[in-house]
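Asker: Residue numbers (full-length UniProt numbering): 1 to 588. Built from N, CA and C at the ideal position, the CB exists for glycine as well. These numbers were taken from a predicted model, which means no experiment stands behind them. Please read through the structure below; I'll follow up with questions.
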Amino acid sequence: MFNSRQFQIVELLKNKNVSLKRISEIVKKSTRTVMRDINVINEVLAQHELGRIVFAKNQNGYQLEIDNEDKLDDVLKDWMNDEHQILYQLLIHDAVTIEELSEKLYLSSPVISAKLAQLKEDYRHKLAISVGKNGHYIKESQAKKVLALANLIYEKDRYFLKELGLDKDFYQEIVAYFNQHKLAIIAEYPYVSGRQFASIILAVYLLGKDDSIVLKDDSVMSQVFSQNDLVYTEKMDNLLSDYLDKVNQELARITKGTILDILLKIEERFEIKLLDMTLVKELVLHITRAISYSFIIEQGEIYNLTNLKAQNPFSFDISLIFANYLQQETGIEVYEADLLALYFICSMNRVNNIRQKIVIIGRHISLANINKNMIETNIPNVDVCVVGSKDALLSEIQTHHQALIINNYAGMDLTDLPKTVITVNQIISSKEISYISKALENILFKERIEQIFREEYAFSYQVKPQQPWQEMIEDISLELVERGCLNHDEHLAILEREKQDSFLLLEGTYIPHCMSKRKDYCVGAFVTLSQPVEFCEESIEKIIVVAVDPENKHNNNLFSCLYYAMKNPKYLEISSYQEFIALMKGMD
Numbered sequence: 001m002f003n004s005r006q007f008q009i010v011e012l013l014k015n016k017n018v019s020l021k022r023i024s025e026i027v028k029k030s031t032r033t034v035m036r037d038i039n040v041i042n043e044v045l046a047q048h049e050l051g052r053i054v055f056a057k058n059q060n061g062y063q064l065e066i067d068n069e070d071k072l073d074d075v076l077k078d079w080m081n082d083e084h085q086i087l088y089q090l091l092i093h094d095a096v097t098i099e100e101l102s103e104k105l106y107l108s109s110p111v112i113s114a115k116l117a118q119l120k121e122d123y124r125h126k127l128a129i130s131v132g133k134n135g136h137y138i139k140e141s142q143a144k145k146v147l148a149l150a151n152l153i154y155e156k157d158r159y160f161l162k163e164l165g166l167d168k169d170f171y172q173e174i175v176a177y178f179n180q181h182k183l184a185i186i187a188e189y190p191y192v193s194g195r196q197f198a199s200i201i202l203a204v205y206l207l208g209k210d211d212s213i214v215l216k217d218d219s220v221m222s223q224v225f226s227q228n229d230l231v232y233t234e235k236m237d238n239l240l241s242d243y244l245d246k247v248n249q250e251l252a253r254i255t256k257g258t259i260l261d262i263l264l265k266i267e268e269r270f271e272i273k274l275l276d277m278t279l280v281k282e283l284v285l286h287i288t289r290a291i292s293y294s295f296i297i298e299q300g301e302i303y304n305l306t307n308l309k310a311q312n313p314f315s316f317d318i319s320l321i322f323a324n325y326l327q328q329e330t331g332i333e334v335y336e337a338d339l340l341a342l343y344f345i346c347s348m349n350r351v352n353n354i355r356q357k358i359v360i361i362g363r364h365i366s367l368a369n370i371n372k373n374m375i376e377t378n379i380p381n382v383d384v385c386v387v388g389s390k391d392a393l394l395s396e397i398q399t400h401h402q403a404l405i406i407n408n409y410a411g412m413d414l415t416d417l418p419k420t421v422i423t424v425n426q427i428i429s430s431k432e433i434s435y436i437s438k439a440l441e442n443i444l445f446k447e448r449i450e451q452i453f454r455e456e457y458a459f460s461y462q463v464k465p466q467q468p469w470q471e472m473i474e475d476i477s478l479e480l481v482e483r484g485c486l487n488h489d490e491h492l493a494i495l496e497r498e499k500q501d502s503f504l505l506l507e508g509t510y511i512p513h514c515m516s517k518r519k520d521y522c523v524g525a526f527v528t529l530s531q532p533v534e535f536c537e538e539s540i541e542k543i544i545v546v547a548v549d550p551e552n553k554h555n556n557n558l559f560s561c562l563y564y565a566m567k568n569p570k571y572l573e574i575s576s577y578q579e580f581i582a583l584m585k586g587m588d
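Here you go:
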């Protein structure tokens, strides 16, 4: 029916209007691929008389028009995409051939081969899909197979109950029993819902139902199975015990001390400050939940971190490094490392806070003080002072570095000042507070954008025929070493960062970046390509290389400034360094 991406698009458009560009960002595919998917979806919807995806001109986006909502919900609940069907067959068999998969899924062998290749790519960091003389198989422990199969069942429980001829009451009974007697099943198994536990039991049933040795004892599972006229086998019991033992062993290895040691290693390696005890507690809690029930198989849940990643790339880099250290030192795998990045974003903001200074000039000091209070209440990490005359303002500017001046003095002309001035006529509004907050992010870069992105670092790179992507990035990085933009350590850090397979790509621009160990260092290089290069289904025309000291919070704001500049429609039209600088300077 649909592949997993097409299913995601249907779910996305069920209740709202979404632009083509936004759909592309969420499913992480090009707009061209999304358009092809929409055509396929519409063919299937028409075939089943379910509805259609249409373009709403008045809202400049796509939406799903549903003819029969109940029927559509039933179809989606009773259906599983081809990719998940293949994973299901791989999980329940020791090995399966392409021909066998072709026969089971009613797809041609070339199509099966292509889908297997894509699955290997998509799950290369989660599940080892291998091929041997007996066919394709998943080279993982039984406990990991139980979890992966449970994930499939959790997402499509109705499909599996129907497929296996099981009554839905059996599933609900396990859910109810677990919710009522959680501690009786396993004392050290926190943060798991009854539905998640039921998916594990059903996975165990699928993997162990062919065993000839039937257990007839007083165990909880044996009783639940027998009450539903099902046998509980020795293999099922062993699979469940092994899985729960693995969970408990991993839970025992997660302590504040373990997390603290890993964070200290990251701090030492990159010479950055990110450690506070709030972060330690948050990571312990998150990883405990993840161990209790992880998601190896992608779920239908839709959350998009593209915008956050573009503005906070170092937090996402650190989350991957943290996950790698955790696996090396404890053997624990974290399958959704991007979610860890959200904790690192908050932590880096807490640790590296730098207070910015604002001065308000006002005719009525009482009114200016109200505005001072509202700004300090609504914008974090600012110090606001109030003056009543231009002489006092000039003295304040000479004495302290002021990020921003707010003119709350009706009729006062401040156009001769070399600082950013925002006029507020009366009591400040919430819209004006938002504008000031945004201005504080951009102001330091607008003042020194040409010192960060120096003209001597900008150049056009001549793309070679059939040139590998990584070779091109290495060439550009080496050229920037020659020009004095990067040092050798930063060059190596960029190449190492490229191996993480978590790319920063926005609006036809690729952004190689690294954390610099040079104090307060902040540099960028604007590079154009002699011809567009296809990468990750996107046409890349520009490369922006960035190296910054992440301990300086203002430096990290560079990525936010770049993000908002790239979201400007004019960005797609620029082709030179001068146009890029003009756009960055003109940001509001």
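Apart from the five residues on each side of it in sequence, which residues of its chain come closer than 6 Å, Cβ to Cβ, to residue 166?
Answerer: Taken in chain order, the list of residues that qualify is empty.
Asker: Check residue 296 in the structure and name its three-state DSSP category.
Answerer: Three-state DSSP puts residue 296 in coil, outside helix and strand.
Asker: Please confirm if the segment 77–94 is in contact with the segment 148–157, defined as three or more CB-CB distances below 8 Å between the two stretches.
Answerer: Yes, the segment 77–94 touches the segment 148–157.
Asker: From 567, 291, 580, 298, pick the residue whose C-alpha is nearest to that of residue 244; which is it?
Answerer: Nearest C-alpha to residue 244: 291.
Asker: Whole-angstrom Cβ separation of residue 343 and residue 282, contact assumed at under 8 Å?
Answerer: That belief holds up - the Cβ atoms of residue 343 and residue 282 are roughly 5 Å apart, short of 8 Å.
Asker: Just verifying my parser: in three-state terms, what is the DSSP assignment at residue 377?
Answerer: DSSP places residue 377 in helix when its eight states are reduced to three.
Asker: Applying the 10 Å Cβ sphere with the 16-neighbour rule, what's the burial state of residue 366?
Answerer: It is exposed - the Cβ of residue 366 has fewer than 16 other Cβ atoms within 10 Å.
Asker: With respect to the beta strand (DSSP E) encompassing residue 459, which residues constitute its N-terminal and C-terminal limits?
Answerer: Counting along the chain, the beta strand (DSSP E) containing residue 459 begins and ends at 459–461.
Asker: Taking three-plus beta-carbon pairs below 8 Å as touching, is the segment 329–345 in contact with the segment 307–318?
Answerer: Enough Cβ pairs lie closer than 8 Å, so yes.
Asker: Tell me, to the nearest whole angstrom, how far the beta carbon of residue 537 is from that of residue 30; I am working on the premise that it is less than 8 Å.
Answerer: Between residue 30 and residue 537 the Cβ distance is about 4 Å, and since that is below 8 Å, they are a contact.
Asker: Less than 9 Å separating the beta-carbons of residue 581 and residue 379?
Answerer: No. Outside cutoff.
Asker: Would you decide whether residue 10 is buried or exposed? Buried here means 16 or more other CB atoms lie within 10 Å of its CB.
Answerer: Looking at its Cβ environment, which holds 16 or more other Cβ atoms inside 10 Å, residue 10 is buried.
Asker: Keeping to the same chain, check which residues put their C-beta closer than 7 Å to that of residue 368; ignore five residues upstream and five downstream.
Answerer: Correct list, in chain order: 360, 362, 386, 408.
Asker: According to the Cβ coordinates, are residue 528 and residue 477 closer than 9 Å?
Answerer: No, these two residues do not count as a Cβ contact at 9 Å.
Asker: Is DSSP giving residue 236 helix, strand or coil here?
Answerer: Helix, per DSSP.
Asker: For residue 530, which three-state DSSP category applies?
Answerer: Note: residue 530 maps to strand in three-state DSSP.
Asker: Measuring alpha carbon to alpha carbon, tell me which residue in 230, 470, 273, 127 is nearest residue 549.
Answerer: The shortest Cα separation from residue 549 among 230, 470, 273, 127 belongs to 273.
Asker: For residue 258, which option in 210, 141, 323, 231 has the closest C-alpha, if you only look at C-alpha atoms?
Answerer: Selected option, being the one with the closest Cα: 323.
Asker: Between the segment 106–117 and the segment 38–50, do three or more beta carbon pairs fall short of 8 Å?
Answerer: No, because fewer than three Cβ pairs between the segment 106–117 and the segment 38–50 fall closer than 8 Å, the two stretches do not touch.
Asker: Report the three-state DSSP secondary structure of residue 18 (helix, strand or coil).
Answerer: If DSSP states are grouped into helix, strand and coil, residue 18 belongs with the strands.
Asker: Is residue 56 helix, strand or coil when you go by DSSP?
Answerer: DSSP places residue 56 in strand when its eight states are reduced to three.
Asker: Measuring alpha carbon to alpha carbon, tell me which residue in 506, 511, 524 is nearest residue 567.
Answerer: For residue 567, the nearest C-alpha among the options comes from 506.
Asker: With 9 Å set as the bound, which would you pick, yes or no: does the beta-carbon of residue 569 sit closer than that to a beta-carbon of chain B?
Answerer: In the displayed structure, chain B is absent; only one protein chain is listed.
Asker: Starting from the Cα of residue 136, find the closest Cα among 98, 169, 160 and give me that residue.
Answerer: Checking every option, the nearest Cα to that of residue 136 belongs to 98.
Asker: What are the boundary residues of the alpha helix (DSSP H) that includes residue 585?
Answerer: 577–585 is the span of the alpha helix (DSSP H), which, as asked, contains residue 585.
Asker: Which of helix, strand or coil does DSSP assign to residue 401?
Answerer: Three-state result, residue 401: coil.
Asker: Under the rule that 16 or more other beta-carbon atoms within 10 Å means buried, what is residue 512, buried or exposed?
Answerer: Counting Cβ neighbours within 10 Å, residue 512 comes out buried, since at least 16 surround it.
Asker: Using DSSP bridges, identify the partner residues of residue 509.
Answerer: According to DSSP, residue 509 bridges with 506, 542.
Asker: Would you give the residue range spanned by the alpha helix (DSSP H) that residue 536 belongs to?
Answerer: Segment: none, residue 536 is in no alpha helix (DSSP H) and carries neither H nor E.
Asker: Let me confirm a value: residue 134 is counted as buried when at least 16 other C-beta atoms fall within 10 Å, else exposed. Which label applies?
Answerer: Looking at its Cβ environment, which holds fewer than 16 other Cβ atoms inside 10 Å, residue 134 is exposed.
Asker: Kindly identify the DSSP beta-bridge partner or partners of residue 515.
Answerer: DSSP output for residue 515 lists 548 as bridge partner(s).
Asker: Considering only residues of the same chain and omitting the five flanking positions on each side of residue 514, which have a CB-CB separation below 6 Å?
Answerer: Correct list, in chain order: 490, 493, 494, 497, 547.
Asker: Classify residue 106 as buried or exposed, calling it buried when 16 or more other Cβ atoms lie within 10 Å of its own Cβ.
Answerer: Exposed.
Asker: Going by C-alpha distance, which of 138, 2, 16, 12 is nearest residue 78?
Answerer: Measuring from the Cα of residue 78, the nearest candidate turns out to be 2.
Asker: Return the residue from the list 331, 402, 335, 39 that minimises the CA-CA distance to residue 589.
Answerer: Coverage of the chain is limited to positions 1 through 588, which leaves residue 589 absent and any answer about it impossible.
Asker: Compute the Euclidean distance between the alpha carbons of residue 523 and residue 310, then round it to the nearest angstrom.
Answerer: Spanning the two alpha carbons is a distance of roughly 17 Å.
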